[in-house]
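All remarks here apply to the structure that follows.
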Amino acid sequence: MKKLAICLLFASVISLARSAEFTIPVESYKLANGLRVILSKDNAVPVVTVYMIYDVGARSEEKGHTGFAHLFEHMMFEGSQNVPKGAHFATVESNGGTLNGSTHPDYTDYYEILPANKLATALWLESDRMRSLAINDENLKNQKEAVKQERRLSFDNQAYQTAIVDVWPTLIFRNWQSSHSLIGSFEDLNSSSVADVSKFFKTYYAPNNAVLVLVGDLQIPEAKKLVETYFGNIPSQPQPKRPDLTEPAGLQARTETYKDPLARVPAMVIGYPGPKRRSPDYYALNMVDAILTGGDSSRFRLDLVKGKKSVIQYEANLGWPFANALDYRDPEPYAIFLLYNPAVTPDQMISQVQNEIAKLQNEPIDAKELERVKTTMRASWIKELQSSHSRALELAQYALADGKPELINTELDAMLAVTPAQIQAAAKKYLTADRRAVLEIVPAPAGGSGPAAKEDR
Amino acid sequence: MLSRSLLVFAVAALELAAQTVDRTKPPQTPPIPSYKLPPVYETKLPNGLGLVLVEDARFPLVTVRLNFRAGTKFDPKDLPGLAEAVASLLTEGTKTRTSRQISEETDAMGGSLNGVAGADSLTISGSTVSESLSRLLTLLADVTLNATFPQDEVDLYKQNRIQNLRAERAEPAFLATEKLSETIYGSSPYAHISPTMESIGKLDPKVLAGFRDTFLAPNNATLLLIGRLPARAGLIDNVTQLFGAWPQKQLPAAPDVTPPAPRRQIVLVDRPGSVQADIHVGRSAPTRLSPDYFPLTVGNSILGSGANSRLFRNIREKEGFAYDAHTEYITKRDAADLAVVTQVRNEVIEPALRAVFTELESMASTPVPADELTNTKNYLSGIYLLRLETQDGLATQLNTIQTLGLPNNYLETYTTRVRSVEPGQIQAVAKKYIAPEQDAVVVVGDASKIGDAVKKFGAVTIIQAE
């Protein structure tokens, strides 16, 4: 009886996820200057998201310029030919909207969420800075300070964060493009010049290196007209190259210890180099992640938090910490962050995690558990699509990474099609101790009462 | 023929528009549109359980909130953290379900179910795909009525809460919020924001069940359902079946939460090794039911909400002292507080603190210019719309109405009331609540680096972070 109920649920939710009312409308086209445009209409609430994504991130930085992509992102809010300093914020907020920008390993994004009839306002702002960013020394100096303050606030003054941003990438990557610090060093930030900013702008912030996504209460013909008006005559530039992210062959397991003066509870990052985006193994490892850490009945919660009473908090996903399954662009790891009970040693913690993985490698997952994991995955997918902002973000990623924004309507099916045999095979191929990187973060209060640090192994 | 020429005309007009746009000025756009909330249906079961139903058919999901007036302000003096522990442990075992069964059942319906305690309320939140709603409600009723607080789950909760508290206490923002709250609220039950190591040690199944038995009663609760709902009569029958026999209880009187009169105090929480100083400057403020609430909301927004606020423009963009500078106006049911929050590098603590005081004084001494006021009213009206985009957003707004005891038309009239605020009203409330003479000042940082600078502002109490 119970089994029947679960089967019914399974079947009915699948049909819902595929049913016509669930299709996100996607209309995509390209302007003459190469700007890719995606429109998705939803008239339920009079709100629109304008989301601009540029195909450049921290992995495009050059040696001596760590943190530059992020510093540049700050410069994008400092004004342009027709938008004085401060007016970007003022214009969005005084029209009832909100905004932000963020820098990632492989992309940089900017968005405005506004009442729907303010669409032109956001397009005016986004196009003016793409066309004519104001690059001067005063703005640069000021934003260097803001970025350094951001580094102090979000990393240097927080437990665990410095280890994660500066040290973890050096363990899981060996190509400098991927292994350097995304937030950057003060030394590199200080050395950036106005000429560097101008060059980066011309190279990467061109219409042909960007995708513009509009989601919400749109009138499509009107929206197209406005996009052409504001962006149509911004000149294109030579197509910039993606950085060479090839990792050297001959990977070896690595473990390092970081003594953290601000931490009070031990933590650990465990990661394994991951597969190619949207390959069968990518979907399989995404399912592995959901089995291990997805819902309240995930294996980490039931076996490690509850059973072994060792793990206190956990986070994990493909691409952790700076990417996720959606914006994952290889090479990226599958990585796990744990805060754990000080009564457990780091070696015990590592072997408990590896044992959980061994179970996945050695025993096929039973049908009932897999069904539950898939149901959870499906429900969170639907929940995520509620806001225009997250719909825009998904459309932009599928456009940028795959050239197919319409994947927003089919990718869930691909994620759910994973079989028990594929899960076992991917766990065996990727999540083995000989490809593993471990960063042990050991509390080391200034007074010296923390546990003695171990040497690197 | 006619339609064809119209089409040509339309295309020509489009091209004309594209050529003549004036890029030097922001586009002219219509005023922020009004938005009618989906209808809110309210009723009560005979035992007093409030029921609020909102049909939102866009997605096949339902968001559920069961709200009790039973938050951390009801924690006994020697047991801070009790409400929070009850909320967390309700879903860790009932008379007929283990913790594991509850989590497996929840996940099997693609749902979620968990309890959270705020200052005034304990809320059990859930969500599910629509066709599993009755299963989620069954589970919700079970954890509400039959939680057993199993000893091993309580022990694990205590063990992990102690470690989490140690981790929280390593964060400067936590230390600053904790100390400012104690300073503003004094002996009021609103003063504590977390448990202590000692109080966690005192938790046991009996004390948890005691709190549950006292406060979790139908006449103290409202059940909110938002989403694609089944037919109303059947849904009400379902809720009645599950919760109808739940007996009413005599509820204890709410504690006196009146905060002490505000006064200037400067506290430096010494956190050796800090590379920044976290500054929190604040005091008690009026609740949402006060006539001062809307003028102060608008004034507070001008001062410190968003990237166009005065604090962001001056402390960050002009001076480069900080990455973040904002205000927090936190309204509880029976009291509220208003604070400036910023984190500055050690060397500039003195000018930064002076700049904060200057901004606060200016709100009281000078009327807000008309265009700045209009901009902020637009901002608040637009943000209101943005918050209603998701089921969760609307649920949170409606839950706040229950928690704070606000009138039913609060959301409908919000924008109108924001729009009606005048500069004179803002200046009047700024003199009462924003002028900094009686503000408490809490700084978390390395006393050996910033102590002398902080002492320039008056007598300083220095306490250790650990």
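Chains as they are written, first to last, in this note's numbering: chain A, 649 to 1105; chain B, 68 to 533. Even glycine gets a Cβ: it sits at the ideal position worked out from N, Cα and C.
Cβ-based burial, residue i [other Cβ within 10 Å; buried from 16]
i	result
Ile-369/B	buried
Gln-432/B	Residue identity differs from the one stated: residue 432/B is Ser in this sequence, not Gln. The residue is exposed, with fewer than 16 neighbouring Cβ atoms inside 10 Å.
Gly-525/B	exposed
Ser-376/B	buried
Gln-218/B	exposed
Tyr-252/B	buried
Arg-890/A	exposed
Asp-144/B	Looking at the sequence itself, residue 144/B is Lys, so the reference to Asp does not match. When all chains shown are included, Lys-144/B counts as exposed.
Ser-515/B	exposed
Tyr-702/A	buried
Glu-669/A	Any reading at Glu-669/A must be qualified, since the residue scores a pLDDT of 47, below 50, and its modelled position is unreliable; no value is offered.
Ala-16/B	There is simply no residue 16/B to check, as chain B begins at 68 and stops at 533 in what is shown.
Asp-513/B	buried
Gln-458/B	buried
Ile-1089/A	buried
Gln-531/B	exposed
Glu-1059/A	buried
Where residue i falls: helix, strand or coil (DSSP)
i	result
Arg-912/A	coil
Tyr-500/B	helix
Pro-981/A	strand
Thr-289/B	strand
Gly-117/B	strand
Thr-96/B	coil
Ser-515/B	helix
Glu-489/B	coil
Ser-945/A	coil
Contacts that residue i makes with chain A (C-beta to C-beta distance below 8 Å)
i	result
Tyr-360/B	In chain order: nothing, as chain A lies at least about 20 Å away.
Ile-99/B	Asn-743, Gly-744, Pro-763, Asn-765, Lys-766
Ala-52/B	There is no way to answer for residue 52/B, as the model of chain B reaches only from 68 to 533.
Val-88/B	Thr-877, Tyr-878
Residue interval of the beta strand (DSSP E) (run including residue i)
i	result
Leu-747/A	746-751
Asn-965/A	959-966
Phe-135/B	128-135
Thr-111/B	The sequence given here places Lys at residue 111/B; Thr does not occur at that position. 107-111 is the span of the beta strand (DSSP E), which, as asked, contains Lys-111/B.
Tyr-396/B	389-398
Gly-182/B	179-184
Pro-763/A	756-763
Ser-194/B	189-196
Within chain A, the residues that residue i reaches when beta carbons sit closer than 9 Å
i	result
Asp-391/B	Gln-797, Glu-798, Leu-801
Thr-224/B	According to the sequence as given, residue 224/B is Tyr; it is not Thr. Per Cβ cutoff of 9 Å: no residues; Tyr-224/B is ~11 Å from chain A at best.
Gln-494/B	Simply none; closest approach about 21 Å.
Listed by chain order, chain B residues near residue i by CB distance under 8 Å
i	result
Arg-912/A	Arg-233, Ala-234, Arg-236, Ala-237
Asn-857/A	Correct list: empty, because the minimum Cβ distance to chain B is about 22 Å.
Glu-1088/A	Chain B residues near Glu-1088/A: none, gap ~16 Å exceeds 8 Å.
Phe-948/A	Simply none; closest approach about 12 Å.
Residues that residue i contacts on chain A, provided the C-beta gap is smaller than 7 Å
i	result
Phe-141/B	Those do not exist, as Phe-141/B stays about 27 Å from chain A at its closest Cβ, beyond 7 Å.
Gln-343/B	Arg-800, Leu-801, Asn-805
Ile-260/B	The premise fails here: Ile-260/B is roughly 18 Å from chain A at the closest Cβ pair, so nothing lies under 7 Å.
Enclosing alpha helix (DSSP H) for residue i [first to last residue]
i	result
Pro-262/B	Element bounds for Pro-262/B: n/a, residue is neither H nor E.
Ser-448/B	437-453
Val-817/A	According to the sequence as given, residue 817/A is Pro; it is not Val. Taken as a continuous stretch (DSSP letters only), the alpha helix (DSSP H) holding Pro-817/A covers 816-820.
Partners in chain B for residue i, counting only beta-carbon separations shorter than 9 Å
i	result
Pro-694/A	Ile-99, Pro-100, Ser-101, Tyr-102, Leu-452
Closer than 7 Å: residue i CB and nearest the ligand NAP heavy atom
i	result
Leu-149/B	The ligand NAP is absent from the structure shown, which contains no ligands of any kind.
For this session: Tell me, please, whether the segment 237-246 of chain B touches the segment 169-186 of chain B by the rule of three or more beta-carbon pairs shorter than 8 Å.
Result: Short answer: they don't touch.
Exercise. Does the segment 894-910 of chain A come close enough to the segment 708-726 of chain A to have 3 or more Cβ pairs within less than 8 Å?
Worked result: Flag = no, the segment 894-910 of chain A and the segment 708-726 of chain A do not touch.
Exercise. On the three-pair Cβ rule with 8 Å, is the segment 912-930 of chain A touching the segment 990-1002 of chain A?
Worked result: Yes: the two stretches touch, three or more of their Cβ pairs being nearer than 8 Å.
Problem set entry | the segment 812-826 of chain A / the segment 776-783 of chain A touching (three or more Cβ pairs under 8 Å) | The segment 812-826 of chain A is not in contact with the segment 776-783 of chain A.
Exercise. Taking three-plus beta-carbon pairs below 8 Å as touching, is the segment 469-480 of chain B in contact with the segment 1047-1057 of chain A?
Worked result: Three or more beta-carbon pairs separated by less than 8 Å are not found between the segment 469-480 of chain B and the segment 1047-1057 of chain A, which leaves the two stretches without contact.
For this session: Taking 8 Å as the threshold, find out whether the segment 984-994 of chain A comes into contact with the segment 257-266 of chain B through three or more Cβ pairs.
Result: No: fewer than three Cβ pairs fall under 8 Å.
For this session: Taking 8 Å as the threshold, find out whether the segment 512-527 of chain B comes into contact with the segment 331-343 of chain B through three or more Cβ pairs.
Result: Enough Cβ pairs lie closer than 8 Å, so yes.
Exercise. Between the segment 980-987 of chain A and the segment 953-967 of chain A, do three or more beta carbon pairs fall short of 8 Å?
Worked result: Segments in contact, yes.
For this session: Spell out a yes or no on whether the segment 358-373 of chain B and the segment 309-325 of chain B are touching, meaning 3 or more CB-CB pairs, one atom from each, closer than 8 Å.
Result: They do not touch, by the three-pair rule.
Exercise. Would you call the segment 1012-1029 of chain A and the segment 1063-1081 of chain A touching, i.e. three or more CB-CB distances under 8 Å?
Worked result: Counting Cβ pairs under 8 Å, three or more are found: they touch.
Exercise. Is it true that the segment 223-233 of chain B meets the segment 144-161 of chain B, where meeting means three or more beta-carbon pairs spaced less than 8 Å apart?
Worked result: Counting C-beta pairs closer than 8 Å gives three or more between the segment 223-233 of chain B and the segment 144-161 of chain B, which meets the contact rule.
Exercise. At a cut of 8 Å, does the segment 338-345 of chain B reach the segment 404-414 of chain B through at least three beta carbon pairs?
Worked result: With the cut-off at 8 Å, the segment 338-345 of chain B and the segment 404-414 of chain B touch.
Problem set entry | the segment 445-455 of chain B / the segment 684-697 of chain A touching (three or more Cβ pairs under 8 Å) | Under the Cβ criterion (8 Å, minimum of three pairs), the segment 445-455 of chain B counts as touching the segment 684-697 of chain A.
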